[in-house]
Structure formats: structure tokens, C-alpha cells
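Enquirer: Numbering (my numbering), first residue to last: 20 to 198.
I have a structure here, written as C-alpha cells, and I will follow up with some questions on it.
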């Protein structure tokens, strides 16, 4: 195994941390993920905190989202309550984690569409008689379509499109089918 250049490793950790802030993930969580990717073996919170120059509590809080996203796993030690963390190196795991978040966003947008007052969100349809929650419903449909497209491009099995009931103008608010 090639020895790791400390400067390159530190640069990688900082870049991944900064990049993940664009995903809405805390910078510390991104740095922890990058550090785990560079480790050859499972790492405890003490070592993680020392490597990154953060408090052990910060390492614990930062590692939890990685477990939830499916980007890392925690394994217990026999006879101890301590956990050792390991990054998952699978693109499928990362895409699946993001897909789960996208599905949650689509569900929230659909809730917003159902809660919107009549005529809200569709000014080009004649003002007060527009689609109920049209903007939120169309956003949900677009995000759902994007999620299925990304999964298809990554070679994963995409979840089937969920069709909504016809809107007030007889249109379906879900995205068109893709080939």
C-alpha cells in the first residue's frame, strides 16, 4: 500500500468537507467521511477526533448523519460499548442515501401542494382559478423525475413513479414517463 502524503490527505479532507456543505451536510460531517475513506481499518471516536482536531462529542455528532445516509457503518467491539466507524465505498450506497432524501423532499412538496389555497402557484393559468398548489406539485414532480433519472444513470433500479390524482384541470401533476 502506498504511504499517504499528509498534505494531500489534509487537502482531500478539507475539500470533501467543503463539498458536502453544498449537500446541506455539516462541514465536520464531510470531513469525518473523508477521513474514514482514507482509513485502512475501522476508527473509534478518539482517533477520529484527534485526526481532525475536533472534540470527541463533535466527532460523535458528525458521524451520526453518515450512518443515517448509509455512507458509513458503526460496528461494536466485543465486551465494550465503543463503536468503530468505517466508510462505505459504494457509489450505490451514496446514491441510495441521496435518493431517500429526495423521496422525502417529494413527499413534503406534495403535502405543500395539497395544503396550498386554490389559485396558488399557477399565475399563467388565469390568476385565482389556477391549479391548487401547482408550483409545489410541479416541483415535486420535477424532483421525482430527477431522482429516477440519476438512479437510472447510476445503473440502479429506480423506484416507480407515483401518480397523483388528476388536478382541477384534468391534468396529472406527476412527471411524464421516461423511456
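Cβ coordinates follow ideal geometry from the N, Cα and C atoms, glycine included.
From a predicted model like this one, the values you see are computed outputs, not experimental measurements.
(1) Taking DSSP's pairing of strands, which residues face residue 105 in a bridge?
(2) For the alpha helix (DSSP H) that residue 37 lies in, which residues bound it at each end?
(3) Excluding the 5 residues preceding and the 5 following residue 64 in the sequence, name in chain order all residues of the same chain whose CB lies nearer than 7 angstroms to its CB.
(4) So what does DSSP say about residue 80, is it helix, strand or coil?
(5) Could you say if the segment 123-131 and the segment 58-73 meet the contact criterion of at least three C-beta pairs nearer than 8 angstroms?
(6) Quick check on the burial criterion: 16 or more other C-beta atoms within 10 angstroms. Buried or exposed for residue 52?
(7) What's the C-alpha gap between residue 31 and residue 67?
(8) What are the residues that DSSP puts in a beta bridge with residue 62?
(9) Express the C-alpha separation of residue 132 and residue 118 in angstroms, rounding to a whole number.
(10) Using only the alpha-carbon positions, how far apart do residue 49 and residue 37 sit?
(11) Please state the DSSP three-state secondary structure of residue 199.
(12) Taking the alpha helix (DSSP H) that residue 46 falls in, what are its first and last residues?
(13) Using the three-state DSSP reduction, which class does residue 68 fall into: helix, strand or coil?
(14) Could you tell me the distance, in whole angstroms, from the CA atom of residue 105 to the CA atom of residue 115?
(15) Three-state secondary structure (DSSP) at residue 74?
Expert: The answer reads as follows:
(1) Reading the chain shown from its first residue, position 86 is the one you call residue 105. In DSSP, residue 105 forms a bridge with 92.
(2) In the chain shown, the residue the question calls residue 37 occupies position 18. That run of the alpha helix (DSSP H) goes 25-40.
(3) Here the question's residue 64 lines up with position 45 in the chain shown. So the list reads 75, 78, 79, once near-sequence residues are dropped.
(4) Numbered from 1 along the chain shown, position 61 holds the residue referred to as residue 80. DSSP places residue 80 in helix when its eight states are reduced to three.
(5) no
(6) One-based indexing of the chain shown puts residue 52 at position 33. Buried, since its Cβ has 16 or more Cβ neighbours within 10 Å.
(7) Stepping through the chain shown from its first residue, residue 31 is reached at position 12. Stepping through the chain shown from its first residue, residue 67 is reached at position 48. Those two C-alpha atoms are separated by around 15 angstroms.
(8) Taking the first residue of the chain shown as position 1, residue 62 is located at position 43. Residue 62 is bridged to 104.
(9) In the chain shown, residue 118 corresponds to position 99, counting from 1. In the chain shown, residue 132 corresponds to position 113, counting from 1. In a straight line, the C-alpha of residue 118 is about 21 angstroms away from that of residue 132.
(10) Reading the chain shown from its first residue, position 30 is the one you call residue 49. Reading the chain shown from its first residue, position 18 is the one you call residue 37. Distance between the alpha carbons of residue 49 and residue 37: 7 angstroms.
(11) Any question about residue 199 goes unanswered here, given that the chain covers just 20 to 198.
(12) Counted from its first residue, the chain shown places residue 46 at position 27. Residues 46-57.
(13) Position 49 of the chain shown, counting from 1, holds the residue named residue 68. Correct three-state label for residue 68: helix.
(14) As a working note, residue 105 is residue 86 in the chain shown. As a working note, residue 115 is residue 96 in the chain shown. Taking the straight line joining both Cα atoms gives about 18 angstroms.
(15) Position 55 of the chain shown, counted from the start, is the residue given in the question as residue 74. In this structure, residue 74 counts as coil in the three-state DSSP scheme.
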